[in-house]
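>
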Amino acid sequence: MIQEVLHNCHESIEEGHQGVVRSYQRVKHDYYYIGLYANVEKHVKSCLDCSSSKSLPQLKGYSPGNVLAERPFQVVSMDFVIPLPRSRRGNTVLLLWQCSFTGFVIAKAMSDTDALIVAKVFEECIYRRFGAPSLIRHDRDPRFMSEVFQAFAELIQARSRSTLSYRPQANGQQERSVKTVMQSVKVYVEDPLQEDWDEIAERLVFAINNSHDMTRKKTPFYLVHGWGAHTTLRATTTSRCW
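Per our numbering, the sequence shown runs over residues 14 to 255.
1) Can you have a look at D127 and say buried or exposed, based on whether 16 or more other CB atoms are within 10 angstroms of its CB?
2) Considering just the uninterrupted stretch of the beta strand (DSSP E) at I119, what are its terminal residues?
3) My output table needs one value for W255: the three-state DSSP class, helix, strand or coil.
4) Let me make sure I understand the geometry here. Which of G48, F157, P96 and K58 has the alpha-carbon closest to that of S90?
5) Grouping DSSP H, G and I as helix and E and B as strand, with all else coil, what is I139?
6) Is the distance from the Cβ of F143 to the Cβ of F162 below 9 angstroms?
7) Terminal residues of the continuous beta strand (DSSP E) containing L108?
8) Taking DSSP as the reference, what is the three-state secondary structure of F93?
9) Report all residues from its chain with a CB closer than 6 angstroms to the CB of R172; omit the five preceding and five following residues, and keep chain order.
10) Do R84 and D211 count as a contact pair if the criterion is CB distance below 9 angstroms?
11) Exposed or buried, what is R153 when buried is set at 16 or more other beta-carbons lying within 10 Å of its beta-carbon?
12) Return helix, strand or coil for I169, following the three-state DSSP convention.
13) Among W110, L217 and N223, which one has its Cα closest to the Cα of A242?
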């Protein structure tokens, strides 16, 4: 049973091959026994999929002018995950948004990325769910810098701020989320051509949003909704000590 729980808290698609601490926090929520952390650490470090797809994190420099958000989705960062192979559904890019206050991530697989489509998808995924942010942060991608998207930002009364091309760390939190999603996608790919990445990428974001945040002390999902998500681990097991 221990191995089953360890597998569910790390390898399942809802957990997304998170690191030692986040995997430990997930399993500790429902189970505890002496030596639990050591077992989780051993299990994660022995995961062949993780060792073959993950690299050491890169240190990011401090960026002056970062905005401190005071509420969920007051400040939203956005970025494209590229390059990606054409999926069976015809998608070629993944657009990510992240709430700076909660760390909550939203993903949308796309086949068309012209500026008008990007604005429509922003309205669908962000504006209709959380309202207009005060600030939209992004890199200097031509689609974000276009007159169409800038006009859309002005229409919803959101300030658009691009990070400097020579200081990509200004959007470092978003870069880390992009890296996390791509590492998880790589782990779960079923074929060498990665043609099914869009079928799992949005589900893997669920794992990120339900991972314990060491800085915020809660999961992004909880910080946005005010309650914890009912995940597979909780649904298939009963809280107990061993």
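No residue lacks a Cβ here, since even glycine has one placed at the ideal position from N, Cα and C.
Quick caveat: nothing in here was measured; it's all calculated off a predicted structure.
Based on what the coordinates show:
1) exposed
2) V118 to M123
3) With a pLDDT of 44 at W255, under the threshold of 50, the predicted position of this residue should be treated as unreliable, and no value is reported.
4) F157
5) helix
6) no
7) V106 to C112
8) strand
9) L148
10) no
11) exposed
12) coil
13) N223
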